[in-house]
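Undergrad:
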Amino acid sequence: SNLVHVALAFDDNYAMPAGVTITSVIKNNDSLHFCFHLLVDNVSSDNIAKLKELVQDNVIIKIYYLNDNFDINPDTLVLGYLSAVSCVRFILPALLHSQTKKFLYLDSDILCLKSISELYNTDISNYVAGVIPDDKPMQNEIKTLYNIDAKKYFNSGVLLINTDEWMKNNLTNKCINKVNDGNVYRFADQDVLNILLENKTILLPIKYNTKIHITIPCNEEKEIAPYTVLLHYVTGYKPWYQTFNSQLFKKYYQLSP
4 SNLVHVALAF DDNYAMPAGV TITSVIKNND SLHFCFHLLV DNVSSDNIAK LKELVQDNVI
64 IKIYYLNDNF DINPDTLVLG YLSAVSCVRF ILPALLHSQT KKFLYLDSDI LCLKSISELY
124 NTDISNYVAG VIPDDKPMQN EIKTLYNIDA KKYFNSGVLL INTDEWMKNN LTNKCINKVN
184 DGNVYRFADQ DVLNILLENK TILLPIKYNT KIHITIPCNE EKEIAPYTVL LHYVTGYKPW
244 YQTFNSQLFK KYYQLSP
(Lines of atoms letter the chains of each structure in order from A and count residues from 1; the text may use other names and numbers.)
(Lines give C-alpha, C1' and ligand atoms only; values in the text may rest on other atoms or scores of the structure.)
Protein backbone atom coordinates (compact mmCIF):
# COMPACT_ATOMS: atom_id res chain seq x y z
CA SER A 1 0.00 0.00 0.00
CA ASN A 2 1.08 3.62 -0.33
CA LEU A 3 0.85 4.21 3.41
CA VAL A 4 3.92 5.77 4.99
CA HIS A 5 4.53 4.08 8.34
CA VAL A 6 6.16 6.22 11.04
CA ALA A 7 6.87 5.03 14.60
CA LEU A 8 7.62 6.88 17.83
CA ALA A 9 8.09 5.60 21.38
CA PHE A 10 7.75 7.84 24.42
CA ASP A 11 6.58 8.32 28.00
CA ASP A 12 4.41 11.09 29.41
CA ASN A 13 7.33 13.56 29.61
CA TYR A 14 7.71 13.35 25.86
CA ALA A 15 4.02 13.09 24.87
CA MET A 16 3.69 16.79 24.01
CA PRO A 17 6.98 16.97 22.04
CA ALA A 18 6.01 13.74 20.24
CA GLY A 19 2.71 15.34 19.25
CA VAL A 20 4.64 18.32 17.89
CA THR A 21 7.02 16.02 15.96
CA ILE A 22 4.03 14.25 14.39
CA THR A 23 2.35 17.58 13.59
CA SER A 24 5.48 18.80 11.80
CA VAL A 25 5.55 15.61 9.70
CA ILE A 26 1.87 15.94 8.73
CA LYS A 27 2.12 19.67 7.91
CA ASN A 28 5.09 19.25 5.56
CA ASN A 29 3.79 16.19 3.72
CA ASP A 30 0.27 16.98 2.45
CA SER A 31 0.48 14.49 -0.38
CA LEU A 32 1.33 11.46 1.77
CA HIS A 33 -0.92 9.06 3.68
CA PHE A 34 0.42 8.22 7.12
CA CYS A 35 0.04 5.55 9.70
CA PHE A 36 1.72 6.66 12.94
CA HIS A 37 2.52 3.84 15.36
CA LEU A 38 2.95 5.19 18.90
CA LEU A 39 4.39 2.91 21.56
CA VAL A 40 3.61 4.68 24.81
CA ASP A 41 4.74 4.17 28.39
CA ASN A 42 2.43 5.55 31.10
CA VAL A 43 1.06 8.37 28.97
CA SER A 44 -1.89 10.19 30.58
CA SER A 45 -5.37 9.79 29.15
CA ASP A 46 -5.43 13.55 28.42
CA ASN A 47 -2.33 13.24 26.30
CA ILE A 48 -3.65 10.12 24.55
CA ALA A 49 -6.82 12.07 23.67
CA LYS A 50 -4.71 14.91 22.22
CA LEU A 51 -2.62 12.48 20.17
CA LYS A 52 -5.84 11.01 18.75
CA GLU A 53 -6.88 14.51 17.63
CA LEU A 54 -4.10 14.26 15.03
CA VAL A 55 -6.23 11.81 13.03
CA GLN A 56 -7.48 13.24 9.73
CA ASP A 57 -8.27 12.04 6.18
CA ASN A 58 -4.68 11.08 5.43
CA VAL A 59 -3.57 10.23 8.98
CA ILE A 60 -4.13 7.04 10.98
CA ILE A 61 -2.87 6.86 14.58
CA LYS A 62 -2.29 3.48 16.26
CA ILE A 63 -1.42 3.41 19.93
CA TYR A 64 0.36 0.52 21.65
CA TYR A 65 0.80 0.37 25.41
CA LEU A 66 4.10 -0.79 26.88
CA ASN A 67 3.65 -3.37 29.63
CA ASP A 68 5.65 -3.55 32.85
CA ASN A 69 7.92 -6.40 31.74
CA PHE A 70 10.27 -4.11 29.88
CA ASP A 71 13.48 -3.81 31.89
CA ILE A 72 16.75 -2.21 30.88
CA ASN A 73 19.96 -2.36 32.92
CA PRO A 74 19.83 1.03 34.72
CA ASP A 75 23.64 1.26 34.84
CA THR A 76 23.81 1.69 31.10
CA LEU A 77 21.44 4.67 31.16
CA VAL A 78 24.27 6.89 32.40
CA LEU A 79 23.21 10.06 30.62
CA GLY A 80 20.61 11.70 32.81
CA TYR A 81 18.18 12.26 29.96
CA LEU A 82 18.15 8.68 28.66
CA SER A 83 15.40 6.48 30.00
CA ALA A 84 14.48 2.85 29.42
CA VAL A 85 11.98 4.16 26.87
CA SER A 86 14.91 4.97 24.59
CA CYS A 87 15.39 1.21 24.22
CA VAL A 88 11.76 0.57 23.28
CA ARG A 89 12.75 1.14 19.65
CA PHE A 90 14.21 -2.41 19.83
CA ILE A 91 10.65 -3.80 20.01
CA LEU A 92 9.06 -1.70 17.26
CA PRO A 93 10.25 -3.71 14.22
CA ALA A 94 8.91 -6.95 15.74
CA LEU A 95 5.65 -5.21 16.61
CA LEU A 96 5.21 -3.75 13.12
CA HIS A 97 6.60 -6.56 10.97
CA SER A 98 3.16 -8.03 10.24
CA GLN A 99 1.88 -4.61 9.12
CA THR A 100 4.69 -3.21 7.00
CA LYS A 101 7.99 -4.17 5.36
CA LYS A 102 9.43 -0.78 6.21
CA PHE A 103 8.91 2.08 8.65
CA LEU A 104 10.55 5.31 9.72
CA TYR A 105 11.42 5.58 13.41
CA LEU A 106 11.72 9.11 14.83
CA ASP A 107 12.84 10.36 18.22
CA SER A 108 10.41 12.78 19.85
CA ASP A 109 12.85 15.71 19.85
CA ILE A 110 12.77 16.05 16.06
CA LEU A 111 11.00 18.54 13.81
CA CYS A 112 10.19 17.74 10.20
CA LEU A 113 10.76 20.79 7.98
CA LYS A 114 10.33 19.33 4.47
CA SER A 115 8.90 16.32 2.61
CA ILE A 116 10.12 12.92 3.80
CA SER A 117 8.93 11.16 0.67
CA GLU A 118 12.41 10.76 -0.86
CA LEU A 119 13.76 9.44 2.44
CA TYR A 120 10.91 6.96 2.84
CA ASN A 121 11.31 5.71 -0.72
CA THR A 122 15.03 4.94 -0.30
CA ASP A 123 15.69 1.37 -1.39
CA ILE A 124 16.81 -0.49 1.75
CA SER A 125 15.91 -3.97 0.51
CA ASN A 126 19.46 -5.27 1.09
CA TYR A 127 19.94 -3.62 4.47
CA VAL A 128 18.48 -3.80 7.96
CA ALA A 129 18.27 0.00 8.09
CA GLY A 130 18.94 3.31 6.43
CA VAL A 131 20.80 5.49 8.94
CA ILE A 132 22.41 8.91 9.21
CA PRO A 133 26.01 9.22 10.39
CA ASP A 134 26.66 11.00 13.68
CA ASP A 135 28.98 14.00 13.92
CA LYS A 136 32.77 13.76 14.07
CA PRO A 137 33.26 14.30 17.84
CA MET A 138 30.85 11.44 18.55
CA GLN A 139 32.59 9.22 16.03
CA ASN A 140 35.98 9.96 17.59
CA GLU A 141 34.66 9.10 21.04
CA ILE A 142 33.24 5.83 19.73
CA LYS A 143 36.60 4.84 18.19
CA THR A 144 38.04 4.54 21.67
CA LEU A 145 35.05 2.62 23.09
CA TYR A 146 34.11 -0.11 20.62
CA ASN A 147 35.71 -2.13 17.91
CA ILE A 148 33.47 -0.82 15.12
CA ASP A 149 34.02 1.41 12.08
CA ALA A 150 33.51 4.83 13.64
CA LYS A 151 32.95 6.50 10.26
CA LYS A 152 29.73 4.54 9.97
CA TYR A 153 28.61 5.30 13.55
CA PHE A 154 25.06 6.57 13.24
CA ASN A 155 22.65 8.51 15.40
CA SER A 156 19.65 6.35 16.35
CA GLY A 157 17.12 9.22 16.33
CA VAL A 158 16.11 8.58 12.71
CA LEU A 159 16.02 4.99 11.46
CA LEU A 160 14.46 3.69 8.26
CA ILE A 161 13.95 0.04 9.16
CA ASN A 162 13.50 -3.00 6.93
CA THR A 163 11.33 -5.21 9.16
CA ASP A 164 11.97 -8.44 7.17
CA GLU A 165 15.75 -8.11 7.50
CA TRP A 166 15.41 -7.08 11.15
CA MET A 167 13.40 -10.25 11.93
CA LYS A 168 15.71 -12.47 9.86
CA ASN A 169 18.61 -11.27 12.01
CA ASN A 170 16.63 -11.75 15.26
CA LEU A 171 17.59 -8.24 16.28
CA THR A 172 14.96 -7.49 18.91
CA ASN A 173 16.26 -10.29 21.14
CA LYS A 174 19.89 -9.53 20.32
CA CYS A 175 19.45 -5.84 21.19
CA ILE A 176 17.68 -6.49 24.50
CA ASN A 177 20.23 -9.15 25.49
CA LYS A 178 23.14 -6.90 24.61
CA VAL A 179 21.88 -3.79 26.44
CA ASN A 180 21.37 -6.02 29.50
CA ASP A 181 24.66 -7.94 29.26
CA GLY A 182 26.26 -6.09 32.18
CA ASN A 183 28.37 -3.74 30.08
CA VAL A 184 27.77 -0.02 30.27
CA TYR A 185 27.01 1.45 26.86
CA ARG A 186 27.74 5.16 26.80
CA PHE A 187 24.81 5.93 24.48
CA ALA A 188 22.62 2.95 25.42
CA ASP A 189 20.31 2.01 22.52
CA GLN A 190 22.44 3.86 19.95
CA ASP A 191 25.67 2.00 20.78
CA VAL A 192 23.91 -1.36 20.87
CA LEU A 193 22.35 -0.74 17.46
CA ASN A 194 25.68 0.35 16.01
CA ILE A 195 27.45 -2.75 17.31
CA LEU A 196 24.77 -5.18 16.11
CA LEU A 197 24.03 -3.51 12.75
CA GLU A 198 27.63 -3.18 11.63
CA ASN A 199 27.76 -3.67 7.83
CA LYS A 200 23.97 -4.01 7.71
CA THR A 201 23.13 -0.33 7.16
CA ILE A 202 23.13 2.12 4.28
CA LEU A 203 24.30 5.66 5.13
CA LEU A 204 21.88 8.44 4.17
CA PRO A 205 22.46 12.22 3.84
CA ILE A 206 22.77 14.39 6.94
CA LYS A 207 19.71 16.45 5.90
CA TYR A 208 17.60 13.56 7.25
CA ASN A 209 19.00 13.90 10.77
CA THR A 210 20.55 17.33 11.17
CA LYS A 211 21.69 17.81 14.74
CA ILE A 212 21.20 21.15 16.45
CA HIS A 213 22.75 22.25 19.77
CA ILE A 214 20.65 25.13 21.04
CA THR A 215 21.47 27.96 23.41
CA ILE A 216 18.79 30.15 25.04
CA PRO A 217 18.20 32.58 22.12
CA CYS A 218 18.04 29.61 19.67
CA ASN A 219 19.89 31.59 16.97
CA GLU A 220 21.25 28.21 15.84
CA GLU A 221 17.86 27.64 14.17
CA LYS A 222 18.53 30.49 11.74
CA GLU A 223 21.81 28.90 10.69
CA ILE A 224 20.54 25.48 9.63
CA ALA A 225 20.93 24.56 5.97
CA PRO A 226 17.83 25.31 3.88
CA TYR A 227 17.66 21.72 2.62
CA THR A 228 17.27 20.28 6.16
CA VAL A 229 14.44 17.73 6.24
CA LEU A 230 14.60 16.45 9.83
CA LEU A 231 16.04 18.66 12.57
CA HIS A 232 17.12 16.85 15.74
CA TYR A 233 17.50 18.74 19.03
CA VAL A 234 20.30 16.69 20.57
CA THR A 235 21.69 17.32 24.08
CA GLY A 236 19.61 17.80 27.21
CA TYR A 237 18.57 21.30 26.12
CA LYS A 238 15.14 20.93 24.53
CA PRO A 239 13.28 23.63 22.59
CA TRP A 240 10.07 23.17 24.59
CA TYR A 241 11.72 24.26 27.85
CA GLN A 242 10.48 27.76 28.65
CA THR A 243 13.99 29.22 28.83
CA PHE A 244 14.54 28.62 25.12
CA ASN A 245 13.27 31.01 22.48
CA SER A 246 12.68 28.40 19.77
CA GLN A 247 10.62 29.90 16.95
CA LEU A 248 10.51 26.63 15.05
CA PHE A 249 9.20 24.60 17.96
CA LYS A 250 6.68 27.33 18.78
CA LYS A 251 5.39 27.27 15.20
CA TYR A 252 4.58 23.54 15.22
CA TYR A 253 3.42 23.57 18.83
CA GLN A 254 0.79 26.16 17.91
CA LEU A 255 -0.36 24.04 14.97
CA SER A 256 -0.69 20.93 17.17
CA PRO A 257 -3.39 19.74 19.60
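Numbering-wise, this note's numbering comes out as the position in the sequence shown, counting from 1, plus 3.
All residues carry an ideal CB built from backbone N, CA and C; glycine is no exception.
For Y108, which residues does DSSP report across the bridge?
TA: A10 and L162
Undergrad: Tell me whether L114 counts as near the ligand GDP, meaning its Cβ is closer than 7 angstroms to at least one heavy atom of that ligand.
TA: Among the ligands in the structure shown, none appear at all, so the ligand GDP cannot be discussed.
Undergrad: Distance check for P220 and Q102, CA to CA, integer angstroms please.
TA: Between Q102 and P220, the C-alpha separation is close to 43 angstroms.
Undergrad: Quick one: what's got a C-beta closer than 7 angstroms to K53's C-beta in the same chain, skipping five residues either side?
TA: G22 and P260
Undergrad: Let me confirm a value: H235 is counted as buried when at least 16 other C-beta atoms fall within 10 Å, else exposed. Which label applies?
TA: buried
Undergrad: Mark P275 as exposed unless 16 or more other C-beta atoms lie within 10 angstroms of its C-beta, in which case mark it buried.
TA: Residue numbering for the chain in the displayed model covers 4 to 260; residue 275 lies beyond these limits and cannot be assessed.
Undergrad: Quick one: any contact between the segment 113-123 and the segment 222-235, if contact means 3 or more CB pairs under 8 angstroms?
TA: yes
Undergrad: Taking 6 angstroms as the limit between beta carbons, can you name the residues of its chain near L6, skipping five residues before and five after?
TA: H36 and C38
Undergrad: Output needed for L41: all residues of its chain with C-beta closer than 6 angstroms, excluding positions within five of it in sequence on either side, in chain order.
TA: L11 and I66
Undergrad: Comparing alpha-carbon positions, which option in T238, K55 and N197 lies nearest L148?
TA: The candidate whose alpha carbon is nearest that of L148 is N197.
Undergrad: On a CA-only basis, which of T204, I217, D167 and K30 is nearest K254? Give me that one, please.
TA: K30
Undergrad: Which residues does DSSP pair with F37 in a beta bridge?
TA: DSSP, once it has assigned bridges, lists V7 and V62 as partnering F37.
Undergrad: Where in the segment 165-240 do unbroken runs of the alpha helix (DSSP H), each at least 4 residues long, occur, reported from the N-terminal end onward?
TA: Counting only runs of 4+ residues, the alpha helix (DSSP H) found wholly inside the segment 165-240 occupies 166-171, 174-182 and 191-199, in chain order.
Undergrad: Assuming A132 and L163 are in contact, meaning their beta carbons sit under 8 angstroms apart, how far apart are those beta carbons, in whole angstroms?
TA: 6 angstroms
Undergrad: Pick from Y68, Q257, P136 and I217: whose alpha carbon is nearest that of F247?
TA: I217
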